[in-house]
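Chemist: Chains G and R are the protein sequences, given in the same order.
What the first sequence shows, in our numbering, is residues 1 to 401, in sequence order.
What the second sequence shows, in our numbering, is residues 1 to 401, in sequence order.
There are 2 protein chains.
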Amino acid sequence: MDMHDLTRNLQTKNDSKIVMIVADGLGGLPMMPGGLTELETAQTPNLNALAARGVQGGSIPVKPGIAPGSGPGHLGLFGYDPLEYVIGRGALEATGIGFELGPKDVAIRGNFCTLGPDGKITDRRAGRISSEESAPLAVKLREVKIPGVEVFVEPVKEHRFVVVLRGEGLGGDVHDTDPQTTGVPPLKPKASKHGSEKTAEVAAEFVTQATKLLAGQPKANGLTLRGFSPRPALPSYDEVYGLKAAAIAVYPMYKGLARLVGMDIVGKAQTLDEQITVMEENWSKYDFFFLHFKYTDSTGEDGNFAAKVKRIEELDAVMPRVTKLNPTVLIVTGDHSTPSFLKSHSWHPVPTLLVSDCCRFDGSTEFSERASRIGGLSQFEAKYLMLLALSNAGRFGKYGA
Amino acid sequence: MDMHDLTRNLQTKNDSKIVMIVADGLGGLPMMPGGLTELETAQTPNLNALAARGVQGGSIPVKPGIAPGSGPGHLGLFGYDPLEYVIGRGALEATGIGFELGPKDVAIRGNFCTLGPDGKITDRRAGRISSEESAPLAVKLREVKIPGVEVFVEPVKEHRFVVVLRGEGLGGDVHDTDPQTTGVPPLKPKASKHGSEKTAEVAAEFVTQATKLLAGQPKANGLTLRGFSPRPALPSYDEVYGLKAAAIAVYPMYKGLARLVGMDIVGKAQTLDEQITVMEENWSKYDFFFLHFKYTDSTGEDGNFAAKVKRIEELDAVMPRVTKLNPTVLIVTGDHSTPSFLKSHSWHPVPTLLVSDCCRFDGSTEFSERASRIGGLSQFEAKYLMLLALSNAGRFGKYGA
Numbered sequence: 001m002d003m004h005d006l007t008r009n010l011q012t013k014n015d016s017k018i019v020m021i022v023a024d025g026l027g028g029l030p031m032m033p034g035g036l037t038e039l040e041t042a043q044t045p046n047l048n049a050l051a052a053r054g055v056q057g058g059s060i061p062v063k064p065g066i067a068p069g070s071g072p073g074h075l076g077l078f079g080y081d082p083l084e085y086v087i088g089r090g091a092l093e094a095t096g097i098g099f100e101l102g103p104k105d106v107a108i109r110g111n112f113c114t115l116g117p118d119g120k121i122t123d124r125r126a127g128r129i130s131s132e133e134s135a136p137l138a139v140k141l142r143e144v145k146i147p148g149v150e151v152f153v154e155p156v157k158e159h160r161f162v163v164v165l166r167g168e169g170l171g172g173d174v175h176d177t178d179p180q181t182t183g184v185p186p187l188k189p190k191a192s193k194h195g196s197e198k199t200a201e202v203a204a205e206f207v208t209q210a211t212k213l214l215a216g217q218p219k220a221n222g223l224t225l226r227g228f229s230p231r232p233a234l235p236s237y238d239e240v241y242g243l244k245a246a247a248i249a250v251y252p253m254y255k256g257l258a259r260l261v262g263m264d265i266v267g268k269a270q271t272l273d274e275q276i277t278v279m280e281e282n283w284s285k286y287d288f289f290f291l292h293f294k295y296t297d298s299t300g301e302d303g304n305f306a307a308k309v310k311r312i313e314e315l316d317a318v319m320p321r322v323t324k325l326n327p328t329v330l331i332v333t334g335d336h337s338t339p340s341f342l343k344s345h346s347w348h349p350v351p352t353l354l355v356s357d358c359c360r361f362d363g364s365t366e367f368s369e370r371a372s373r374i375g376g377l378s379q380f381e382a383k384y385l386m387l388l389a390l391s392n393a394g395r396f397g398k399y400g401a
Numbered sequence: 001m002d003m004h005d006l007t008r009n010l011q012t013k014n015d016s017k018i019v020m021i022v023a024d025g026l027g028g029l030p031m032m033p034g035g036l037t038e039l040e041t042a043q044t045p046n047l048n049a050l051a052a053r054g055v056q057g058g059s060i061p062v063k064p065g066i067a068p069g070s071g072p073g074h075l076g077l078f079g080y081d082p083l084e085y086v087i088g089r090g091a092l093e094a095t096g097i098g099f100e101l102g103p104k105d106v107a108i109r110g111n112f113c114t115l116g117p118d119g120k121i122t123d124r125r126a127g128r129i130s131s132e133e134s135a136p137l138a139v140k141l142r143e144v145k146i147p148g149v150e151v152f153v154e155p156v157k158e159h160r161f162v163v164v165l166r167g168e169g170l171g172g173d174v175h176d177t178d179p180q181t182t183g184v185p186p187l188k189p190k191a192s193k194h195g196s197e198k199t200a201e202v203a204a205e206f207v208t209q210a211t212k213l214l215a216g217q218p219k220a221n222g223l224t225l226r227g228f229s230p231r232p233a234l235p236s237y238d239e240v241y242g243l244k245a246a247a248i249a250v251y252p253m254y255k256g257l258a259r260l261v262g263m264d265i266v267g268k269a270q271t272l273d274e275q276i277t278v279m280e281e282n283w284s285k286y287d288f289f290f291l292h293f294k295y296t297d298s299t300g301e302d303g304n305f306a307a308k309v310k311r312i313e314e315l316d317a318v319m320p321r322v323t324k325l326n327p328t329v330l331i332v333t334g335d336h337s338t339p340s341f342l343k344s345h346s347w348h349p350v351p352t353l354l355v356s357d358c359c360r361f362d363g364s365t366e367f368s369e370r371a372s373r374i375g376g377l378s379q380f381e382a383k384y385l386m387l388l389a390l391s392n393a394g395r396f397g398k399y400g401a
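1. Would a C-beta distance cut-off of 9 Å place R:Pro230 and R:Leu260 closer than the cut-off?
2. Pick helix, strand or coil for G:Gln209, following the three-state DSSP scheme.
3. For the beta strand (DSSP E) that contains R:Pro82, what are its first and last residues?
4. Give the straight-line distance between the Cα atoms of R:Ala317 and R:Ala247, rounded to the nearest whole angstrom.
5. Which stretch, first to last residue, makes up the beta strand (DSSP E) that contains G:Gly227?
6. Measuring only between beta-carbons, confirm whether G:Phe305 sits less than 9 Å from chain R.
7. Return the bridge partner residues of R:Val151 from the DSSP annotation.
8. Exposed or buried, which one is R:Val153 when buried takes at least 16 other CB atoms within 10 Å?
9. By DSSP, does R:Val62 sit in helix, in strand, or in coil?
10. Any contact of the segment 149-163 of chain G with the segment 187-195 of chain G, i.e. 3+ C-beta pairs under 8 Å?
11. Please state whether DSSP places R:Leu272 in a helix, a strand or coil.
12. Ends of the alpha helix (DSSP H) at R:Asp316?
13. Please classify G:Asp105: does DSSP put it in a helix, a strand, or coil?
14. Which residues does DSSP list as the beta-bridge partners of R:Asp264?
15. List, in order along the chain, the chain R residues whose C-beta lies closer than 8 Å to that of G:Leu29?
16. Is it true that the segment 195-214 of chain G meets the segment 59-78 of chain G, where meeting means three or more beta-carbon pairs spaced less than 8 Å apart?
17. Are the Cβ atoms of G:Gly171 and G:Val350 separated by less than 9 Å?
18. For the segment 40-69 of chain G, which residues have a beta carbon sitting closer than 8 Å to at least one beta carbon of chain R?
19. Where does R:Glu381 sit, in a helix, a strand or coil, going by DSSP?
20. Would you say R:Tyr384 faces chain G, with C-beta separation under 9 Å as the test?
21. DSSP on R:Ala191, reduced to helix/strand/coil?
22. Could you please give me the residues that DSSP links to G:Val55 through a beta bridge?
23. Work out the CA separation of G:Gly148 and G:Ser134 for me, nearest whole Å.
24. I'd like to know whether the C-beta atoms of G:Thr37 and G:Ser368 end up nearer to each other than 9 Å.
25. Check for me: the beta strand (DSSP E) holding R:Gly291 runs from which residue to which?
26. Starting from G:Glu197, find everything on chain R with Cβ-Cβ shorter than 7 Å and list it in chain order.
27. Between R:Met1 and chain G, is the shortest Cβ-Cβ distance under 9 Å, so that the two count as touching?
28. Round the Cβ separation of R:Val240 and R:Leu165 to the nearest angstrom and send it over; I've been treating them as touching at under 8 Å.
29. Who are the neighbours of R:Lys398 on chain G, taking C-beta pairs under 7 Å?
30. Let me know the beta strand (DSSP E) ranges lying completely inside the segment 94-148 of chain R, each 3 residues or longer, listed in chain order.
31. Restricting to Cα atoms, I'd like to know which of G:Gly25, G:Asp362, G:Lys63 and G:Ile97 is closest to G:Glu84.
32. What residue range does the beta strand (DSSP E) around R:Leu330 cover?
33. So what does DSSP say about G:Arg160, is it helix, strand or coil?
34. If the cut is a Cβ gap below 8 Å, which residues of chain R does G:Pro351 touch?
35. Let me confirm a value: G:Gln270 is counted as buried when at least 16 other C-beta atoms fall within 10 Å, else exposed. Which label applies?
36. Let's see if you can read the secondary structure: which residues bound the beta strand (DSSP E) around G:Met20?
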């Protein structure tokens, strides 16, 4: 039985409130053997007080040893098996810039490239063109007109942009046109499966018109297309869990991921304090709140241990405002670890804290990697966290008689 | 998504070195409640020092409660799901005696039996014939000649031998001819699936000729055939992990298992010290070293607690030579537990130690069952160990964007 078949069957409604705070890249490493992690170093009196009445464990984002990107990292926390639900590169890119994909859309990641006079690629990244130079070119590509298909083009960063094709009968199975090398022309768009032939034709027409629009550009006079993908077919929170869910995030990527599972994006907060205010203001309207805090990841990516410690302390400081709302279930976790030591996402289990009246607290006195290692939740795959959230909220009946 | 699809996609190359030391049957039990296990009893200063900068956990060979044989035990450690990849009995028997199976081979386990004058089986194990008596008979069966098929016969032990048929169009799906009872004749070889009819015919011809060659033997005048199996189709280490791998083992079974996943068998070591020397000599040539130490299992099987303790100390003594090589990732584990108390393989999680710069060490001060129980790797299925090895070696990109 699929996990969501189970949740569809077991879900019951009540007036409980579940809060999931995702501190992106929360887990860490010491900078030297015998040292403390970022979370262990931070002064976190409020999180520690919650640990004393909660239960901890280590969340494995995908499988042991697998470091995820933001997409699979969040899908796991949301209860969608990240190996089963795969978001295509185009769809993730569109999601990341806040483009709301519809059911008739195919999203594509576009790359500007430099073509020689013979039409062969001389630079796959258009001479590392700056965003300032490339953005107007992406906007210019909106002039492409294809009968029966709406075409959207959005700048991303440097040589990258997003194309979304919207129309009837567009499949997402088209090969990349990037030949992954120079000295050859871009490949022609070609369907990899039956049902995507129209997409390939439309993409070919897009390339023809776009190349004309780019003619004469010194760097970006050509383009390649990658990661053709439809809107991912994710069942909604409402359907699988019976939860009316709100997402409170600052960055478009996380709003986008939340939207894919049917959460409402609420507020326009730019700071953590404002995010909490949005939660307070919307408290009565939702059953579930996903709050995303970005900076524990970005500081880790920068390898800035001290800055990550400080961001964790910033998170700790707002916890009294969250507990004051008296959520039935409060979860603090991360979508993966981002140790400053590695300056990248990692596979290490993420310290995860769950507080509820019936959580079987484990006697921890701090929230940390070392406490979560011996905590009552043990190590578990992230995809099971929502099951624990719902049961602790009294929102599950029992399985079988 | 299959685990190996994941590793194929995520693998990256670098110049890291991974060492996996498999102390066969490492895990144990105390001889009485409240006592210590073999590993906890042994004096292991070097392993304990490694534990102080490593991370530990309990490796579950197959699933909780399942005690594996050597085949599934090692497949798990090598990262091949032992419930998905099944090595047929014939193939395992051939592997165990060092017979190198080829792609056109079908391996069969043969049993000598005693037939009455009416051709019915009177003893399924040929009166528990000794190896000294049976080996020449197995060699005699090499006289069997079948047009278009090469026939290999190898003695094993007591009433057992191996037959390998090599030729075009031989399938491995043939029913056993052992009726599992006496008072009836051996069954005729019969294909269980389309495509193995030729194998059944060849096997029938083998039985006819072999029975003539055995005529007049007092004990072993007949034979049955079991476990028809082709060479297992295991993808190689090179393909799924991008690793050039070496196996350093003394016993044919473990060399054979390593060969099945594409490892090179290096050296002709007969002792543990010689095995380490082989590793030193081949250090620059490989990315991955599998070193197999047999005697922690055989002493456990004998129920000799003290001898197993001593063998563990023998392993501990060579560890400085291993650490001197400065492997990027060093793993010490076992393919299963073999508690002296049980005198057999068991299902208990196997203490497993992983040491790397980024392993998130867990503050253990000893390598043992009790330390691994609260270690940072928690309990995990053996099949995930290679994922941890590769990520700790920096040989994985991240999954999804």
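For glycine and all other residues, C-beta sits at the position ideal for the given N, C-alpha and C.
Here the structure is a predicted model, which means the values were calculated and not measured.
Modeler: Based on what the coordinates show:
1. no
2. helix
3. No beta strand (DSSP E) holds R:Pro82; DSSP gives it neither H nor E.
4. 21 Å
5. Gly222 to Pro230
6. no
7. R:Leu165
8. buried
9. coil
10. no
11. helix
12. Phe305 to Lys324
13. strand
14. R:Ala246
15. Cys358 and Arg360
16. no
17. no
18. Gly58, Val62, Lys63, Pro64, Gly65, Ile66, Ala67, Pro68 and Gly69
19. strand
20. yes
21. strand
22. G:Leu354
23. 28 Å
24. yes
25. The sequence as given places Leu at residue 291 of chain R; Gly does not occur at that position. That run of the beta strand (DSSP E) goes Phe288 to Phe293.
26. Those within 7 Å of G:Glu197 in chain R number zero; the least Cβ separation is about 26 Å.
27. yes
28. With 8 Å as the limit, R:Val240 and R:Leu165 do not qualify as a contact, their Cβ atoms being about 29 Å apart.
29. Ala67, Pro68, Gly69 and His345
30. 105-115 and 121-123
31. G:Lys63
32. Val329 to Thr333
33. strand
34. Within chain R, no residue comes near G:Pro351; the closest Cβ sits about 11 Å away, beyond 8 Å.
35. exposed
36. Ile18 to Ala23
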